[in-house]
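Asks: The listed protein sequences derive, respectively, from chains A and B. With our numbering, you'll find the first sequence wraps up at 130, consecutive numbering, no jumps. With our numbering, you'll find the second sequence wraps up at 1130, consecutive numbering, no jumps. Every residue gets a Cβ at the ideal spot worked out from N, C-alpha and C, and that includes glycine. These numbers come from a predicted model, not from an experiment. Have a look at the structure that comes next, please.
Number of protein chains: 2
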Amino acid sequence: MDLERDALGIEDFKYDSAGLIPAVIQQFDSREVLMVAYMNSESLAKTLETGKTWFWSRSRSKYWMKGESSGHTQDVKEILYDCDADTLLVLVDQTGVACHTQARTCFYRRLYPSADAGTIENDEGDIPLS
Amino acid sequence: MDLERDALGIEDFKYDSAGLIPAVIQQFDSREVLMVAYMNSESLAKTLETGKTWFWSRSRSKYWMKGESSGHTQDVKEILYDCDADTLLVLVDQTGVACHTQARTCFYRRLYPSADAGTIENDEGDIPLS
């Protein structure tokens, strides 16, 4: 296949009926998955323009730059998209912590194996399960 | 917080209006993100029962076990959930390849930096961008 012909742009992705596409945010070097949030074409354009992650808040109906109040911004290293062009994978360098709970990653609780082990080990050390 | 009181079960997650929750599938050791698919409470229960990933296909309106036709199954190692309980992170050991295109991961195309670099390096070696 021809690379140029195959290459997709912002308007080519499969946004859902609300105009959104999920973005998996991953720390570029440790490959830790930090969070999942939603972009629309405008927030994706802002992300590309600024090199920081911008999302659309479904609950607040507004654009937000990750870290705009906390300072915990995400510098964008790479943006990949999947085979059916309906999900983004954004590799970032996370300043501070990704989660509003002050955990390094939003994925700090475990369903399986059952939670009685108490903590999850990650690159930043043990994170309490709650 | 009390671990037992905080621990969530299958019915406690925030499914969307169609009863679905996105599941990010990550190779447990390399931490490569392989794909994103959707579960409902029933497919999550099947996943926990069988130790293999089960999803709900939005396009075909049916349950499917990853690899049921290709043999490229995913052995579940760990299931995490995020701070607002509306996304799952499933760590698996992927047999063969995750993508129907035969790429190791569904995320084999790049939006940024621009695609003229031609290939993306990953653990399995270079994957053509198309």
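1. Inspect the CB distances between the region 13 to 25 of chain A and the region 53 to 60 of chain A and report whether three or more fall short of 8 Å.
2. Does ARG1104/B come within less than 8 Å of chain A when only Cβ atoms are used?
3. Suppose you measure from the CA of MET1035/B to the CA of GLN1026/B; what does that come to, to the nearest Å?
4. Is the beta carbon of MET65/A less than 8 Å from the beta carbon of LYS77/A?
5. Cβ of GLU78/A less than 8 Å from any chain B Cβ?
6. Does any residue of chain B bring its CB to less than 8 Å from the CB of ARG110/A?
7. Would you mind working out which of THR1101/B, LEU1089/B, TYR1038/B and ILE1079/B sits nearest ARG1060/B, comparing C-alpha positions?
8. Is the CB of PRO20/A under 8 Å away from at least one CB in chain B?
9. Under 8 Å by Cβ, that's how I've got LEU8/A and ALA98/A pegged, so tell me the actual separation to the nearest angstrom.
10. Taking the C-alpha atoms as reference points, what is the distance between CYS1043/B and TYR1063/B?
11. For LEU1048/B, report the span of its alpha helix (DSSP H) as first-last.
12. Quick check on this structure: which residue in ARG104/A, GLN94/A, THR87/A and ALA103/A has the alpha carbon closest to the alpha carbon of VAL24/A?
13. CB VAL33/A to CB VAL1092/B, shorter than 8 Å?
14. Between the alpha carbons of ARG1031/B and ARG31/A, how many angstroms are there, rounded?
15. What's the C-alpha gap between THR1119/B and PHE1107/B?
16. State the start and end residues of the unbroken beta strand (DSSP E) segment that holds ILE1079/B.
Replies: Reading from the atomic positions:
1. yes
2. no
3. 7 Å
4. no
5. yes
6. yes
7. Measuring C-alpha to C-alpha distances from ARG1060/B to each of THR1101/B, LEU1089/B, TYR1038/B and ILE1079/B identifies TYR1038/B as the nearest.
8. At residue 20/A the sequence reads Leu, which differs from the Pro that was named. It does not: the Cβ of LEU20/A has no partner Cβ on chain B nearer than 8 Å.
9. 27 Å between Cβ atoms; not a contact.
10. The amino acid occupying residue 1043/B in the given sequence is Ser; Cys does not appear at that position. If you take the alpha carbons of SER1043/B and TYR1063/B, they lie about 7 Å apart.
11. 1041 to 1050
12. THR87/A
13. no
14. Between ARG1031/B and ARG31/A, the C-alpha separation is close to 6 Å.
15. With a pLDDT of 49 at THR1119/B, under the threshold of 50, the modelled position of this residue cannot be trusted; read the value that follows with caution. Rounded to whole angstroms, THR1119/B to PHE1107/B spans 12 Å at the Cα level.
16. 1074 to 1081
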